[in-house]
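> Mind looking over this structure? Questions follow.
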Amino acid sequence: MNNKKFAKKLITWYNTHKRELPWRDTSDPYKIWLSEIILQQTRVAQGLPYYHRFVEHFEKIGDLAAASEQEILRLWQGLGYYSRARNLHKCAKIVAENLGGNFPFGYKNLLKLPGIGKYTAAAIASFAYREQVPVIDGNVYRVLSRVYGIDADISSGSGQRKFEKLAGELIPAEQPDIYNQAIMEFGATHCTPKSPACDNCIFNIECHARIHNLQRELPVKLGKVKVKDRYFHYMVFTKGEHMALKQRKGNDIWRGLFDYLLFEDKEFRDFDWIIHNYDHLSELLPYIKEVNVSAGYKHVLTHRRLHARFFTIELSEGTEVANMITRLGLQFFDHEDIHQLPKPVLVSRYLNDTIF
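For the sequence shown, my numbering gives the first residue as 21, with consecutive numbering after it.
Structure representation (structure tokens):
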């Protein structure tokens with residue numbers, strides 16, 4: 021099958037079967053960039069309301085640049101991979117302050133911006149500027165590996181270069197934007213990972229994977245992510261209608277979001293063990309009125325499997341309690357304030373399950 025035939029088949033299929041999505045009705049690089057950052061590692065159904073939310077709050081990139089990080093993280097809450105949100109903000113500031121509010125023209129120039137890698141740069145360059153540069157994501161790897169029978173490891177540099185070469189040869193000069201949309205859409209909705217619709221496929225005759233029954237084997241990905249279990253013990257200090265939270269610092273997960281005083285161990289521990297192994301907590305003992313322990317919560321990230329328990333600790337009133345809470349790096353917030361704070365999904369789930 022020659023390159024032109026492959027591209028023509030995809031584009032013809034796309035014009036009939038494409039989903040109507042708001043970022044496909046524009047050549048505005050700001051909206052295209054916003055959609056691509058949101059959709060990284062996120063399904064369209066999950067990302068769509070976030071896209072609408074950001075466009076509604078930040079009509080132009082200058083509005084996004086002027087927002088606080090806390091506001092952006094709050095709107096991003098639930099999408100995960102919060103470094104994407106911070107890079108989104110950083111990129112917006114550079115474009116607004118250094119580039120006059122305009123994204124640079126061209127794939128190579130787009131790559132210089134924070135948070136924009138090869139895929140996102142190719143998407144913006146082809147969708148907004150119709151530059152002949154291929155997008156390569158998981159959908160593209162899957163379609164090309166199956167149709168052309170490529171068994172190169174997509175997690176290796178040599179394998180990726182092989183796919184990049186083929187993708188570059190296939191993308192047409194006339195409609196690079198439509199072609200890129202088409203091949204991603206085909207992989208996302210037709211040539212799916214587990215149940216591809218091979219019986220009514222436009223490549224039914226040519227597809228190497230269908231002919232040799234290799235749909236489950238292609239694409240090849242040998243590099244597997246090692247998942248680490250982490251056990252979180254959250255100390256949820258309450259005083260009347262207030263809860264004590266803190267903003268996460270450092271380079272661990274959820275930097276910039278708010279959660280509770282946290283102790284981590286290799287397994288779940290009970291409250292007595294925690295009190296006796298963290299000396300600075302023992303001074304709060306005289307002021308504890310009641311302790312309730314939640315059921316276990318589980319949250320899976322790419323590299324981590326988080327297990328959490330929440331110890332809700334009701335404290336008595338008093339200046340000394342307030343001083344100790346401050347020394348622990350915490351601050352009391354009321355219901356309305358907590359609702360406005362950007363929080364990890366685990367904390368939001370816990371709050372939804374409590375009567376607080």
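Ideal placement from N, C-alpha and C gives every residue a C-beta, glycine not left out. These numbers were taken from a predicted model, which means no experiment stands behind them.
Along the chain, where does the alpha helix (DSSP H) that runs through Met255 open and close?
Element bounds for Met255: not the alpha helix (DSSP H) but the beta strand (DSSP E), 248-259.
> If you draw a straight line from the C-alpha of Lys113 to the C-alpha of Lys266, how long is it?
One C-alpha to the other measures close to 26 Å.
> Go ahead and pull the three-state DSSP assignment for Lys317.
According to the sequence provided, residue 317 is Tyr. The question's Lys does not apply to it. Strand at Tyr317.
> From Tyr307 to Tyr251, what distance separates their C-alpha atoms?
C-alpha separation (whole angstroms): 26 Å.
> Tell me the residue span of the beta strand (DSSP E) that contains Ala333.
Note that residue 333 is Ile in the sequence shown here, rather than Ala. 324-335 is the span of the beta strand (DSSP E), which, as asked, contains Ile333.
> Could you check if Leu93 is buried or exposed, using at least 16 other CB atoms within 10 Å of its CB as the buried criterion?
Buried, by the Cβ-count rule.
> Please tell me whether Phe330 and Tyr370 are closer than 8 Å, where the distance is taken between their beta carbons.
It is a contact, given that the beta carbons lie within the stated cut-off.
> When you compare the CB positions of Glu334 and Lys309, do they come within less than 8 Å of one another, or not?
In contact: Glu334 and Lys309 (Cβ atoms closer than 8 Å).
> Would you mind reading off the limits of the alpha helix (DSSP H) that contains Leu304?
It is not in any alpha helix (DSSP H) - Leu304 carries neither H nor E in the DSSP assignment.
> Ordered along the chain, which non-local residues of its own chain (more than five positions away) have a Cβ less than 7 Å from that of Asp197?
Excluding positions up to five away in sequence, the list reads Ser146, Phe147, Arg150.
> For Leu366, is the classification buried or exposed, using 16 other Cβ atoms within 10 angstroms of its Cβ as the cut-off for buried?
Leu366 is buried by the Cβ-count criterion.
> Ignore the nearest five residues each way along the sequence and tell me which others in Gln235's own chain have a CB closer than 8 Å to its CB.
So the qualifying residues of the chain are Arg166, Pro216, Cys218, Ala229.
> Might you give, ordered along the chain, the residues of its own chain that have their beta carbon closer than 7 Å to the beta carbon of Tyr199, omitting 5 neighbours on each side?
If we look at Tyr199 and ignore the five residues flanking it on each side, its Cβ neighbours are Ala27, Leu30, Ile31, Ile191, Pro192.
> Is it true that the CB of Asp171 sits closer than 8 Å to the CB of Leu238?
Yes, the Cβ-Cβ distance between Leu238 and Asp171 is below 8 Å.
> Excluding the 5 residues flanking Thr322 on each side, which residues of the same chain have their C-beta closer than 7 Å to its C-beta?
Excluding positions up to five away in sequence, the list reads Val245.
> Taking only the alpha-carbon atoms, compute the straight-line gap between Asn312 and Thr332 and give it to the nearest angstrom.
Each residue's Cα considered, the two are about 5 Å apart.
> Taking the Cβ atom as the reference point for each residue, do His319 and Leu282 lie within a distance shorter than 8 Å?
Not a contact, by the Cβ cut-off of 8 Å.
> Are the CB atoms of Gln61 and Tyr101 within a distance shorter than 8 Å?
Contact flag set, yes.
> Grouping DSSP H, G and I as helix and E and B as strand, with all else coil, what is Val75?
Of the three classes helix, strand and coil, the one that applies to Val75 here is helix, per DSSP.
> May I ask you to report which of helix, strand or coil DSSP gives Lys309?
Strand.
> For the alpha helix (DSSP H) containing His355, name the first residue and the last one.
His355 -> alpha helix (DSSP H) spans 355-360.
> So the candidates are Leu95, Pro49, Arg324; which of them puts its Cα closest to the Cα of Leu68?
Taking only the C-alpha atoms, the option nearest Leu68 is Leu95.
> Along the chain, where does the beta strand (DSSP E) that runs through Gln267 open and close?
Residues 262-267.
> Give me the Cα-Cα distance between Gly82 and Glu76, rounded to the nearest whole angstrom.
Near 13 Å, if we compare the C-alpha coordinates of Glu76 and Gly82.
> Among Lys138, Val163, Leu164, Tyr34, which one has its Cα closest to the Cα of Val153?
Ranking the options by Cα distance to Val153, first place goes to Lys138.
> What residue ranges within the stretch 60-122 form continuous alpha helix (DSSP H) runs of no fewer than 4 residues, ordered along the chain?
Correct list: 64-77, 81-86, 89-96, 102-118.
> Please tell me whether, using a cut-off of 7 Å, the distance from the CB of Ile198 to the nearest non-hydrogen atom of the ligand PLP is below it.
Absence of the ligand PLP is noted for the structure shown, with no ligands found whatsoever.
> Considering only the beta carbon of each residue, do Lys259 and Phe352 sit closer than 8 Å?
Yes, these two residues count as a Cβ contact at 8 Å.
> Secondary structure at Asp45, three-state DSSP: helix, strand or coil?
Residue state, collapsed to three classes: helix.
> In angstroms, rounded to a whole number, what distance separates the CA positions of Pro317 and Asp373?
Position check: residue 317 holds Tyr in this sequence, whereas Pro was assumed. For Tyr317 and Asp373, the distance between alpha carbons rounds to 11 Å.
> Between Tyr378 and Val247, is the Cβ-Cβ spacing less than 8 Å?
This structure cannot speak to residue 378, because the chain is shown only from 21 to 376.
> If you count every other CB in all the chains shown that lies within 10 Å of the CB of Trp293, and 16 or more means buried, which is it?
Trp293 should be labelled exposed.
> Would you report the Cα separation of Arg73 and Arg275, rounded to the nearest angstrom?
Distance between the alpha carbons of Arg73 and Arg275: 22 Å.
> Is it the case that the Cβ atoms of Leu131 and Ile144 are separated by a distance below 8 Å?
Cβ atoms of Leu131 and Ile144: not closer than 8 Å.
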